[in-house]
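*Asks:*
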Amino acid sequence: MYGGEDVTVACIDSLLVQDYEALRVLLVDNASPDGSGERVRARFPSIEYLNTGANLGYTGGNNRGMRYALEKGADYLLVLNNDTVLDPGCVSTLMESRARADRMGALSPKILYFDDPTRIWFAGGDYSYAKAIGHHRNELELDDPNEAPRLDEITFVSGCCFLMPAAVARDVGGFREDFFMYCEDVELSLRLTRAGYRMYYQPAARMLHRDTPRTLSAPFETLQRDRNRRRLVRQHYSLAWRLVFALWFYPTRVIRFMQYLLRGDLPGARAIFAGAVLP
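The working numbering runs 923 ahead of the 1-based position in the sequence shown.
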């Protein structure tokens, strides 16, 4: 967490009523400047608490938490955003599913919008090589609350929530910390695939995410997302695939840049430019 006291409390409340008895909760606090991490810690003295000492971003905070859990002997890691609320059977459903998932690298639940639980936020994901991005399946479509349990193989797992075996975390590692936030889950998904692991989606495991549909991203998100896609491409792509990406990426950035300028949105235009040129 980095602030967000009320949403973090709601998330922990949902974890403490899970019907999976072996669940241990770790709160990772990225040195919340308003003292909210310490207040949440005092409110839930029974859960474990880790203060990173600085704002390490989504990537650094989660990596510290994953490392802590591995050192404590965890068999599985559940990476979870603090702005989520889980159904009581979410964790047990994921754990029951893991035995049927061959070479499982990560397993994701169905994620619905908190403000409109009838709409899907994430129902599995697909990685786009050409765009170096992960696409959410069925986003904004109506949810079927009675969808039968099953395992669908996916090629992109959202960092909002996924279950990962400890052995996989030790083998592949966590998130790239220089990404800070945005597209770090895309890069991890690609590494999992390249290491021979498979990713799955279980619709019977359900949770809510406090997010809203958006047509335009905030400037910081735009910059980070585009910059990190280019970093991913530099690290993982062949020359041919770099060319494919460039032929899509740079023309579309020019179009987006002009759209922001025509709207008079100078911060947005600057973010587009920075995301396309910063190393």
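Every residue, glycine too, gets a C-beta built ideally from N, C-alpha and C.
Flag this pair as yes or no: are the beta carbons of T931 and N953 separated by less than 7 Å?
*Replies:* no
*Asks:* Taking only the alpha-carbon atoms, compute the straight-line gap between N1151 and F1102 and give it to the nearest angstrom.
*Replies:* A direct Cα-Cα distance of roughly 6 Å separates N1151 from F1102.
*Asks:* Buried or exposed for R1114, going by 16 or more other Cβ atoms inside 10 Å?
*Replies:* Sixteen is the threshold: when 16 or more other Cβ atoms of the shown chains lie within 10 Å of the Cβ of R1114, as they do, the residue is buried.
*Asks:* Determine the direct distance from the alpha carbon of R1129 to that of Y943, and round the result to whole angstroms.
*Replies:* 14 Å
*Asks:* Where does Q1147 sit, in a helix, a strand or coil, going by DSSP?
*Replies:* helix
*Asks:* Output the boundary residues of the alpha helix (DSSP H) element that contains A1089.
*Replies:* Run containing A1089: 1089-1095, per the alpha helix (DSSP H) assignment.
*Asks:* Would you mind working out which of W1044, C934, I1056 sits nearest E1064, comparing C-alpha positions?
*Replies:* If we check each option's Cα against that of E1064, W1044 comes out closest.
*Asks:* Would you kindly work out how many angstroms separate the C-alpha atoms of V1008 and E928, rounded to a whole number?
*Replies:* Take the alpha-carbon of V1008 and the one of E928: they are about 14 Å apart.
*Asks:* Less than 7 Å separating the beta-carbons of L1131 and F1037?
*Replies:* yes
*Asks:* Using 7 Å as the threshold, is the C-beta distance between D1006 and R1193 below it?
*Replies:* no
*Asks:* Just list the residues that DSSP pairs S1031 with in beta bridges.
*Replies:* S1031 is bridged to Y1124.
*Asks:* Counting only runs that start and end within the segment 978-1065, where is the beta strand (DSSP E) found for 3 or more residues in a row?
*Replies:* 999-1003, 1007-1009, 1027-1036, 1043-1045, 1048-1051, 1056-1059
*Asks:* For Y999, which residues in the same chain have their Cβ closer than 8 Å to its Cβ, ignoring the five residues on either side in sequence?
*Replies:* Excluding the 5 residues flanking it on each side, Y999 has same chain C-beta neighbours closer than 8 Å at M1018, R1021, L1086, M1087, P1088, A1089, in chain order.
*Asks:* Suppose you measure from the CA of L1185 to the CA of G1057; what does that come to, to the nearest Å?
*Replies:* 28 Å
*Asks:* Let me check understanding here. Comparing Cα to Cα, which of T1016, G1097, V948 lies closest to R964?
*Replies:* V948
*Asks:* Under three-state DSSP, which class holds C1084?
*Replies:* In the structure shown, C1084 sits in a strand (DSSP, three-state: E or B).
*Asks:* Leaving out five residues on either side along the sequence, give the residues of the same chain with a beta carbon under 7 Å from the beta carbon of R1165.
*Replies:* V1156
*Asks:* Let me confirm a value: P1202 is counted as buried when at least 16 other C-beta atoms fall within 10 Å, else exposed. Which label applies?
*Replies:* Taking all protein chains shown into account, P1202 has fewer than 16 neighbouring C-beta atoms within 10 Å of its C-beta and is therefore exposed.
*Asks:* Hey, G988 and V1014: beta-carbon distance below 7 Å or not?
*Replies:* no
*Asks:* Please return the same chain residues whose Cβ sits closer than 7 Å to the Cβ of R966, not counting the five positions on each side in sequence.
*Replies:* V932
*Asks:* One question on the structure: do F1079 and N985 come within less than 7 Å of each other, judged by their Cβ atoms?
*Replies:* no
*Asks:* Between which two residues does the alpha helix (DSSP H) containing V1109 stretch?
*Replies:* 1107-1117
*Asks:* Return helix, strand or coil for E971, following the three-state DSSP convention.
*Replies:* strand
*Asks:* Which residues share a DSSP beta bridge with D1188?
*Replies:* Partner(s): none; D1188 has no beta bridge.
*Asks:* Taking the C-alpha atoms as reference points, what is the distance between Q941 and D1066?
*Replies:* 22 Å
*Asks:* Select from I935, G980, G1012 the residue whose C-alpha is nearest the C-alpha of Q1125.
*Replies:* Checking every option, the nearest Cα to that of Q1125 belongs to G1012.
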